[in-house]
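Taking it in order: structure first as structure tokens, then the write-up.
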Amino acid sequence: MADSGSLAGPGGALRRLMGLWQPEGRVGRLLNGVLAAMTLGCVSFIALCVTLKLYGDTPEEVEQITLCALVASICVGFLCKVTLFVTQGGTLRQAVRLLEETRARFCNGDHNKLTRRRYLDHSNNVYYYCQMVAVPAAIGWVVCPLLSRVLTKTDEGQPQPQWQLPLPTWFPVDMYASPTYETLYVVHSFCVLVAVQSCLSIDIFFVHMMLMVAAELEVLNCNLSAMQHINFQTTRTEEEGFISRYKRNGRRLALLSSGQSLADQTLTEGASQKELNQQLLKNVLHHQAILRSVSLLQSA
């Protein structure tokens with residue numbers, strides 16, 4: 001049976017680390033609950049910071065208000081996505097197990113394995129490309145406040161610009177006093193990275209599952225195309241070269257040229273027809289398994 005870890009898609013270890021994919025066992029479920037709560041807490045903390053900024057210290061600039069509203073709306077979407085993914089984890093794991101059983105049951109040779117491997121490689125490439133975009137963007141967001149202060153030049157006698165945080169924030173304390181500022185900066189940076197990686201891993205999971213379903217559809221299509229080579233008419237055409245003609249003499253049928261007997265030919269045709277029916281049944285069951293996988297993904 002195929003490795004269910006590979007079928008869970010790239011980023012599986014990251015999802016388990018953030019509590020988005022529940023493992024087996026009671027202890028594992030408890031630890032997963034703690035990690036999931038931490039992930040949800042990080043996303044909620046970002047939304048809380050920008051909400052307090054809007055209500056407690058409403059910016060005067062339209063750009064700052066727009067930024068706060070944008071970050072708040074994004075965080076609400078992230079929070080809904082993570083919550084639904086965790087609550088629908090049972091259905092998603094069932095879909096992964098069904099695909100695992102389908103891959104193990106319906107495999108006709110190395111060509112099917114190569115097709116599935118090609119789609120899996122494509123899924124891994126998509127994951128790496130997304131990480132190449134998301135990670136530098138998140139790091140740039142976190143580091144930008146520090147760089148802006150370092151690179152900003154001020155004239156002599158003018159005060160230095162105020163320290164900034166990665167996210168718009170307001171708390172009823174002096175946020176820019178040490179060590180409050182450093183603590184908030186580290187917490188903000190950690191929450192941003194967790195939010196980005198959690199949502200990216202969720203998106204990649206569904207992209208991966210769609211690619212795996214597409215792989216099964218291509219395998220099914222190849223198996224359906226291969227059925228034409230099992231047609232028993234081909235056997236009859238080949239054996240007509242051995243049997244040139246028959247002569248009916250009363251109730252007896254004599255073979256005038258050497259070749260396969262009629263009884264053997266009938267058995268060959270029957271075996272070909274049986275193999276054709278078995279392959280057709282196998283393809284129908286494969287198609288039904290694919291439909292069940294799609295239905296589970298849609299319900300999640």
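Mapping of the sequence shown onto the working numbering: position 256 corresponds to residue 256, and the numbering continues sequentially without gaps. All C-beta atoms in this analysis are idealised placements derived from N, C-alpha and C, irrespective of residue type, glycine included. Remember, predicted model here, so these are calculated numbers, not experimental data.
- Contact fails between the segment 33-47 and the segment 97-111, because fewer than three Cβ pairs, one in each stretch, are under 8 Å apart.
- In the structure shown, residue 11 adopts coil according to DSSP, grouped into three states.
- Here residue 168 carries a coil assignment [DSSP, helix/strand/coil].
- Taking C-beta separations shorter than 6 Å and ignoring five residues to either side along the sequence, the partners of residue 21 in its chain run 15, following chain order.
- Linking residue 164 to residue 143 through their CA atoms gives a straight-line distance of about 10 Å.
- Residues 215, 218, 219, 222 of the same chain have their beta carbon placed closer than 8 Å to that of residue 115, with the five preceding and five following residues left out of the count.
- Rounded to the nearest angstrom, the gap between the Cα atoms of residue 97 and residue 279 is 23 Å.
- Of the candidates 211, 281, 124, 202, 202 places its Cα closest to the Cα of residue 87.
- For the options 102, 137, 136, 76, the alpha carbon positioned closest to that of residue 284 is the one of 102.
- In this structure the segment 116-131 does not touch the segment 183-196; the number of beta carbon pairs closer than 8 Å is below three.
- Between residue 31 and residue 17, the C-beta gap is not smaller than 8 Å, which leaves the two residues out of contact.
- With a 10 Å radius around the Cβ and a threshold of 16 neighbouring Cβ atoms, residue 298 comes out exposed.
- Annotation for residue 226: the continuous alpha helix (DSSP H) segment containing it runs 180-226.
- If you compare the alpha carbons of 191, 76, 24, 93 with that of residue 209, the shortest gap goes to 93.
- With contacts defined as CB atoms closer than 8 Å, residue 40 and residue 82 qualify as a contacting pair.
- By the criterion of a C-beta distance shorter than 7 Å, residue 78 is surrounded in its chain by 43, 195, 199, once the five residues flanking it on both sides are discounted.
- The alpha-carbon separation between residue 227 and residue 277 amounts to approximately 10 Å.
- By the neighbour-count definition (other C-beta atoms within 10 Å, threshold 16), residue 191 is a buried residue.
- Note that the C-beta distance between residue 7 and residue 99 is below 8 Å.
- Under the three-state reduction of DSSP output, residue 45 falls in the helix class.
- Rounded to whole angstroms, the separation of the alpha carbons of residue 123 and residue 181 is 40 Å.
- Around the Cβ of residue 179, a 10 Å sphere holds fewer than 16 other Cβ atoms; the residue is exposed.
- Here residue 38 carries a helix assignment [DSSP, helix/strand/coil].
- Around the C-beta of residue 167, 16 or more other C-beta atoms lie within 10 Å, and the residue is accordingly described as buried.
- Using a Cβ distance threshold of 8 Å, residue 204 and residue 11 count as a contacting pair.
- The alpha helix (DSSP H) runs of length 4 or more contained entirely in the segment 83-142 are, from start to end of the chain, 89-105.
- In this structure residue 274 is exposed. Its beta-carbon is surrounded by fewer than 16 other beta-carbon atoms within 10 angstroms.
- Burial check for residue 289: the Cβ neighbour count within 10 Å reaches 16 or more, so the residue is buried.
- Taking a C-beta distance under 8 Å as the contact criterion, residue 170 and residue 52 qualify as a contact pair.
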